[in-house]
Amino acid sequence: MKVLYSVIAENATLRHDGRMDVHGIFHELYAPGFPAQQDRLTLVTTIEWNPDERGAIDFSVNLLDPARSPVLTINAQTEVADEYAIHRPARTQMAIPIDNLVFPGPGTYEFELTVGEVKQGLLQLYLVQDAHAH
12 MKVLYSVIAE NATLRHDGRM DVHGIFHELY APGFPAQQDR LTLVTTIEWN PDERGAIDFS
72 VNLLDPARSP VLTINAQTEV ADEYAIHRPA RTQMAIPIDN LVFPGPGTYE FELTVGEVKQ
132 GLLQLYLVQD AHAH
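Numbering of the sequence shown is given in the working numbering, commencing with residue 12 and proceeding in unit increments.
In structure tokens form, the structure reads like this:
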């Protein structure tokens, strides 16, 4: 497995032609105090699979706080097929909306993908305390 890209955005839409429209990519959030709640964000990730990785594949995505404790866990399954693998490796595209996410404190948070025994960091999100944020 190989992560081609991963971003946090306001919104993302998977299109029928295999492309993805992503709007409002961001890397940090500002809050006047903590815990802080984000009304909505979308985790956007595309994974490329090795030829021996086919069929139903279970995976999880954890959001880890600065102490590496899970704040959120998403368990899911993807079906990996050879439909387009003759032209390119098989892929899974994801746009996962997350509503009302609570961040307990400021610092660096990390989204981490787990497939079987393999863990891979997807991206970091920085939570910054700013008294003037709204």
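From the three backbone atoms N, C-alpha and C, an ideal C-beta is built for every residue, glycine too.
Since residue i sits in a beta bridge, which residues does DSSP pair it with?
i	result
Glu39	Tyr137
Leu15	For Leu15, which the question treats as bridged, DSSP gives no partner whatsoever.
His34	Asn22
Asn73	Thr84 and Glu123
Phe114	Ala47
Gly132	Glu123
State the CB to CB distance for the pair residue i and residue j, rounded to an integer number of angstroms; the pair is presumed to be in contact (CB under 8 Å).
i	j	result
Met12	Val126	6 Å
Thr119	Pro77	6 Å
Met31	Gln131	About 20 Å; that fails the 8 Å criterion.
Please say whether residue j and residue i have beta carbons closer to each other than 8 Å?
i	j	result
Leu54	Glu121	no
Ala20	His34	yes
Thr57	Arg102	yes
Val18	Leu134	yes
Arg65	Asp28	no
If you count every other CB in all the chains shown that lies within 10 Å of the CB of residue i, and 16 or more means buried, which is it?
i	result
Thr84	exposed
Leu15	exposed
Asn61	exposed
Exercise. Do three or more CB pairs link the stretch 92 to 102 to the stretch 138 to 145 at distances below 8 Å?
Worked result: no
For this session: Give a yes or no on contact between the stretch 41 to 49 and the stretch 107 to 114, applying the rule of three or more CB pairs nearer than 8 Å.
Result: yes
Exercise. Taking one C-beta from the stretch 52 to 72 and one from the stretch 86 to 95 each time, how about it: are there three or more such pairs within less than 8 Å?
Worked result: yes
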